[in-house]
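The sequence shown maps to residues 32 to 404 in this note's numbering. Glycine is no exception: its CB is placed at the ideal position from the N, C-alpha and C atoms. Since this is a predicted model, take the numbers as computed values, not measurements. Working notes for the structure below.
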Amino acid sequence: MIAKKKVKNSSFIRSLLLSANLLFALLLILSYFAESSSPEDTWVLPFIGLAYPFLLMLNLIFLLYWMITGKYYFLLSLFVILSGLGFIGRYFQFSSCAQDFEKPEKAFKVLSFNVHNLTENNFRKLTERQNDIFNHVIKESPDIVCMQEFYSQGENYYYPLVNLKENLNAENYYYQSYYNPYRFKIVGMVIFSKFKRIHHGYLSNDAEKKFGIFADFVHLQDTFRVYNLHLESIYLQRSDYDMVTGKTAELGKENISNRLNRITGKLKQAFTNRARQVEYIRKEIENCPYPVIICGDFNDTPSSYAYHVLTKDLQDAFIESGRGMGKTFSSIIPFFRIDYILFNRKFVSSGYREDQLNISDHYPVSCFLSLEN
């Protein structure tokens, strides 16, 4: 009797696990379609695409469990994972070759960095944090620097731009505020370069906020365009991050529900706005007469519609010359790669890096690029 009960319990647990496996396998398949589905048409798939790394991990766990227990059910997760094999390389890069960080001949170094308003929290310790960030960027000695959320205030609010330009030995910089500059205060995007600039402009699909700037440079008789993008933010507050990471002990059930609804609403709006922005940028790229480099904070993952649209006919520096797990946002959430360097196939990349430093809420990303003959 006891033996029959144990068999029955074992059968029930196995059925429960198999049902969970089926659910997570289905969700993983759906996450593959997130990149090709505009959030303006459906808001569900972007959320599933956001969960891709976790769905992949859960399916790997089920795969190993069924293999260890000798059940052929492992074929389910194996098939689903192999169906989306191309997605794995967007999050993880494996290679037996040592990564080379030496600057190749005729190559130039590109660095992109969301500097979080050059502050630690709520614009405190501005000078201290600004010095930390500037010192790191100067030490890296890049030829092109793209910064997002560059903030300055005071009567000499343009001085930090001029100061950094001089310390980088840059020939020029191009800056644009997200909105019209306030009195004695600016916050926006900037491109520093050691190369001759022949043209520049900004990107905006409405009368209010700019979400990108660009500049055309000449290097070794070649002309190319650099875009510095900062796509729509989710505008999550610290309490929202606490909610996402499970720090909800002090919240009641009603507060948790309200906060979840608020976070969901913010994500839906951001997904939709980014879709419009990248479609606008795509048209700009297609009309550009030069090879392009795209740097910036996309505020979206490699499984997203935004990434899919922008990487059409472009290469991703992390995939081409990176190693390990991609992570550019300094939260406890793993696999959160939202900062990128993309480029035409006319370029070759090497030495991709994500410097995981505690000087901003984003990590600076950099690589070497050279134009093929």
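message = Just to confirm before moving on: does the CB-CB distance between V141 and I60 stay below 8 Å?
response = no
Segment limits, beta strand (DSSP E) that includes G232 = 227-234
message = Give me the residue from M98, I363, Y336 with the minimum Cα distance to W74.
response = Y336
ask   = When the Cα of I169 is compared with those of Y104, T150, L192, A348, which residue comes out closest?
value = L192
ask   = Just to confirm, are F93 and S114 a CB contact at a threshold of 8 Å?
value = no
query = If you run the structure through DSSP and keep just helix, strand and coil, what is A306?
reply = helix
inquiry  = Quick check: the Cα distance between L49 and K102, rounded to an integer number of angstroms?
reply    = 11 Å
message = Less than 6 Å between C-beta atoms, sequence neighbours within five positions excluded: which residues of the same chain meet that for I217?
response = S183, Y188, S208
query = How many Å lie between A56 and G357 at the Cα?
reply = 23 Å
request  = Assign A201 to one of three DSSP states: helix, strand, or coil.
outcome  = coil
inquiry  = Please tell me whether S352 and S380 are closer than 8 Å, where the distance is taken between their beta carbons.
reply    = yes
task = Below 8 Å CB to CB, which residues in the same chain sit around P82 once its five sequence neighbours on both sides are set aside?
result = Here the sequence assigns Ala to residue 82, which means Pro is not the residue at that position. L58, S62, listed in sequence order.
ask   = How many angstroms separate the CA atom of F360 from the CA atom of F329?
value = 11 Å
key: T100 versus L195: straight-line alpha-carbon distance, rounded   = 60 Å
task = State the CB to CB distance for the pair I23 and L234, rounded to an integer number of angstroms; the pair is presumed to be in contact (CB under 8 Å).
result = The chain is shown only over 32 to 404; residue 23 falls outside these bounds and no answer can be derived.
task = Inspect the beta-carbon positions of P395 and H147 and report whether they are closer than 8 Å.
result = no
message = Mapping the DSSP letters down to three states, classify R384 as helix, strand or coil.
response = strand
key: Proximity to E136 [Cα-Cα], best of L298, I287, L251, L260   = L251
query = If we count the other Cβ atoms within 10 Å of its Cβ and call it buried at 16 or more, is L262 buried or exposed?
reply = buried
task = Indicate the three-state DSSP secondary structure (helix, strand or coil) for F242 in the structure shown.
result = coil
ask   = Using a Cβ-Cβ cut-off of 8 Å (strictly less than) and excluding sequence neighbours within five positions of K343, which residues of its own chain qualify?
value = R313
Neighbour-count burial assignment, L199, 16 or more Cβ in a 10 Å radius = buried
request  = Could you tell me the boundaries of the beta strand (DSSP E) in which H393 lies?
outcome  = No beta strand (DSSP E) contains H393, which DSSP labels as neither H nor E.
task = Thinking A65 and L54 are a contact (beta carbons under 8 Å), I'd like their distance in whole angstroms, please.
result = Their Cβ separation, rounded to whole angstroms, is 17 Å, which puts A65 and L54 out of contact at 8 Å.
request  = Give me whichever residues DSSP pairs with N259 in a beta bridge.
outcome  = I244, C326
Those runs of the beta strand (DSSP E) which lie wholly inside the stretch 91-163 and span at least 3 residues = 139-145
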